[in-house]
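Reading through the structure tokens given below for one structure.
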Amino acid sequence: MVTRFPPEPNGYLHIGHAKAAIIDSEYARLYDGKFILRFDDTNPENALLEFYDAQKEDLHWLGVEWDSEYHTSDNLQTHYKLAEQLIRQKDAYVCKCASEIIREGRFHGKPCACQEQYTGTTGLDLWKQMLASPENPWILRLHGEMNSENTAMRDPTLFRVITAKHPLTNEKYHVWPTYDFAGAVEDSISGVTHPFRTKEYELRDEVYFKILSLLHLRTPHLMEFSRLSIDGMPVSKRKIKPLIEQGLVLGFDDVRLPTLRGLKRRGIVPEAIKQFVLQQGFSKVESIVDFSLVESVNRKYLDPKVKRYYYVPDPVQLTVTDAPKKTMNIPLHPDATMGDRTIHTSSVFFIPKDDVQKMNIGDVFRLKGLYNVKITKKNETIQGSYQGESLIAETAKIQWTTQEFIPLKILVPGLIFTGENFNPESLKELQGYAEKAITDLPSGEIVQFERVGFVRLEKQPSGWVGFFAHK
RNA sequence: GCUCCCGUAGUGUAGCGGCCAAUCAUGAAGCCCUCUCGAGGCUUCGACUCGGGUUCAAAUCCCGACGGGAGCACCA
-14 MVTRFPPEPN GYLHIGHAKA AIIDSEYARL YDGKFILRFD DTNPENALLE FYDAQKEDLH
46 WLGVEWDSEY HTSDNLQTHY KLAEQLIRQK DAYVCKCASE IIREGRFHGK PCACQEQYTG
106 TTGLDLWKQM LASPENPWIL RLHGEMNSEN TAMRDPTLFR VITAKHPLTN EKYHVWPTYD
166 FAGAVEDSIS GVTHPFRTKE YELRDEVYFK ILSLLHLRTP HLMEFSRLSI DGMPVSKRKI
226 KPLIEQGLVL GFDDVRLPTL RGLKRRGIVP EAIKQFVLQQ GFSKVESIVD FSLVESVNRK
286 YLDPKVKRYY YVPDPVQLTV TDAPKKTMNI PLHPDATMGD RTIHTSSVFF IPKDDVQKMN
346 IGDVFRLKGL YNVKITKKNE TIQGSYQGES LIAETAKIQW TTQEFIPLKI LVPGLIFTGE
406 NFNPESLKEL QGYAEKAITD LPSGEIVQFE RVGFVRLEKQ PSGWVGFFAH K
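Position 408 (the first sequence) corresponds to 393 in the working numbering; numbering is contiguous.
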């Protein structure tokens, strides 16, 4: 079994690409086959040099590995030869009509005069002229079935002239194959046995098979699956680009976006994406998945292996009047092999306002991992008294910091779209104090802030910032 | 408008004619456990779009309706 993942190098990869890449690579792995990465760079107006590498980086991060890679643009000479063959066989013709005329003809199922005239020897001649000079902006069309009920079969375009400079071939070529032609031909000649694609291409299957059969090329076994969409997280550049341009999101790696870079930045791990995608299976059923499914899978990966720290949102000062000075080694995880951090305490602490509001004078709570405190005064700040170290059942265990804290802002992503509209409330902020120990962590580390959630920490020039992944 | 695809709990998914008073996950509720509101354990809730047909037997096959999605580009 040979599969392939054929992205167009025109942007960063997103969860939808991930689904395709994972399905492709997993099938190949399952059947001990080969998996090819092919850049479908047949439109120089779209392809951008930076994205060849960016997409590879994204795939590496995802944990998708391929056996070989190449660019469709490497093979244009082959495509030209095959085109010639079709023209010679009178299965393709040069069409000089304006695009509106062509559109109308296809709509009504009526062929234009070019179909008869510009094929065979005459067609070959015109084709050569197309190749010779971009001054002849004609197209090459398949002689399909103009009266087919499947509109994709009404003499689709096979090649067109594009003069934009291509990131790899520069100005060497100006006649480029369309998706229909390039996709079919490349799948076939590169040895792909099972090309998977999303089901919006279904109507093009007939074109795909027709092209290959006219060319007497091997026919792969096409398979379709549905697009993966996440509720409130659109994937289309059409929707995301304006947001970036207007400065509403930070970039393609914004934590609210379902791009691989956005997900990574938010603290979603590749294993979770993979498992999530595999869980969806691949059927043709359209579904709009809830992001909570991703969160749940991710949480299960993170929980056993991520260090736990204290973060106090909306801190309120607590002074423990008779506090013993202590030096504590508090474990970073119930799994003791993950080590601990040392905290020196005095009489001053900070605890979350939310918890303070729920408590009254006389209540006893526990500074988690430290000791018990009884509230004696409650104003702007609160005062408490030391109540010993032994665990008391049913007391609230609250996370805390000492005066040795670092202020930390945590960005909390929400759904970036509500229906068709940008959600201006989609990025909230948490202000609070984190224990100093997190500054020893490498930038990019994901931690669990107890009772808050999983957060990816990033060291920026202006200091540490947290990105909330999920509870 | 025309053509194609799809339709199982709130969400995602398994099911491919009898093993289905329908699987698993997620979610919600409750209990247990735990020095977290997380994780783990247990329990509960919750679905075959509708109407016909074929069959001894239908979530599974056929037809129709309804609902959703896609295509009708010189984009992939």
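Cβ atoms here follow ideal geometry from the backbone N, Cα and C, with glycine treated the same way.
Asked: Residue 395 and residue 412: beta carbons closer than 7 Å?; Found: no
Asked: In chain order, what residues of the same chain have a beta carbon less than 7 Å from the beta carbon of residue 251, not counting five sequence neighbours either side?; Found: 240, 398, 441, 452 and 454
Asked: Among residues of its own chain, excluding the 5 on either side of residue 310, which ones have a beta-carbon nearer than 7 Å to its beta-carbon?; Found: 330 and 331
Asked: Pull up the DSSP beta-bridge partners for residue 371, would you.; Found: 358
Asked: Where DSSP assigns a beta bridge to residue 252, which residues make up the other side?; Found: Bridge partners of residue 252: none, in fact.
Asked: Rounded to whole angstroms, what is the Cα-Cα separation between residue 188 and residue 323?; Found: 54 Å
Asked: Using DSSP's beta-bridge definition, name the partner residues of residue 182.; Found: 209
Asked: Among 436, 9 and 383, which residue has its Cα nearest to the Cα of residue 182?; Found: 9
Asked: If I measure Cβ to Cβ from residue 314 and keep anything under 6 Å in the same chain, skipping five residues before and after, which residues do I get?; Found: 325 and 327
Asked: Going by beta carbon distance, what residues of the same chain come within less than 6 Å of residue 121, once the five residues before and after it are set aside?; Found: 114 and 115
Asked: Going by DSSP, what residue range makes up the beta strand (DSSP E) through residue 190?; Found: Not the beta strand (DSSP E): residue 190 falls in the alpha helix (DSSP H), residues 190 to 199.
Asked: Do you know offhand how far residue 106's Cα is from residue 228's?; Found: 51 Å
Asked: Rank 41, 29, 443 and 316 by C-alpha distance to the C-alpha of residue 58 and give the top, closest one.; Found: 29
Asked: Exposed or buried, which one is residue 457 when buried takes at least 16 other CB atoms within 10 Å?; Found: Any answer about residue 457 is impossible in this case: the structure gives the chain only from -14 up to 456.
Asked: Pull up the CB-CB distance for residue 26 and residue -7, whole angstroms please, since I reckon it's below 8 Å.; Found: 7 Å
Asked: Residues bridged to residue 419 by DSSP?; Found: 296 and 391
Asked: What's the C-alpha gap between residue 5 and residue 384?; Found: 42 Å
Asked: Alpha carbon to alpha carbon, how far is residue 256 from residue 283?; Found: 8 Å
Asked: Within 10 angstroms of its Cβ, does residue 203 collect 16 or more other Cβ (buried), or is it exposed?; Found: exposed
Asked: Quick one: what does DSSP say residue 78 is sitting in, helix, strand or coil?; Found: strand
Asked: So, do the region -5 to 5 and the region 197 to 216 have three or more beta carbon pairs nearer to each other than 8 Å?; Found: yes
Asked: In this structure, does DSSP put residue 161 in helix, strand or coil?; Found: strand
Asked: From the DSSP output, which residues share a beta bridge with residue 314?; Found: 327
Asked: Specify the secondary structure class of residue 309 as computed by DSSP and reduced to three states.; Found: coil
Asked: Using CA coordinates, which residue listed in 99, 375, 147 and 354 is at the minimum distance from residue 128?; Found: 99
Asked: Just grab the DSSP bridge partners of residue 349 for me.; Found: 359
Asked: Taking DSSP's pairing of strands, which residues face residue 218 in a bridge?; Found: 215
Asked: Sort out for me which residues DSSP pairs residue 451 with in a bridge.; Found: 395 and 442
Asked: Return the chain-ordered list of same chain residues with a C-beta closer than 8 Å to the C-beta of residue 476, the five sequence neighbours on each side being excluded.; Found: Outside the shown range of the chain, which is -14 to 456, sits residue 476, and nothing can be said about it.
Asked: Mind the definition here: the region 145 to 158 touches the region 54 to 69 only if three or more C-beta pairs lie below 8 Å; say whether that holds.; Found: yes
Asked: Can you give me the C-alpha to C-alpha distance between residue 137 and residue 124, rounded to a whole angstrom?; Found: 16 Å
Asked: Taking the C-alpha atoms as reference points, what is the distance between residue 367 and residue 302?; Found: 6 Å
Asked: Can you name, in chain order, every residue of its own chain whose Cβ lies under 8 Å from the Cβ of residue 340, other than the five neighbours on each side?; Found: 350, 381 and 383
Asked: Using the C-alpha atoms, what's the distance from residue 428 back to residue 359?; Found: 38 Å
Asked: Let me check understanding here. Comparing Cα to Cα, which of 131, 80, 60 and 159 lies closest to residue 91?; Found: 131
Asked: According to the Cβ coordinates, are residue 72 and residue 34 closer than 7 Å?; Found: no
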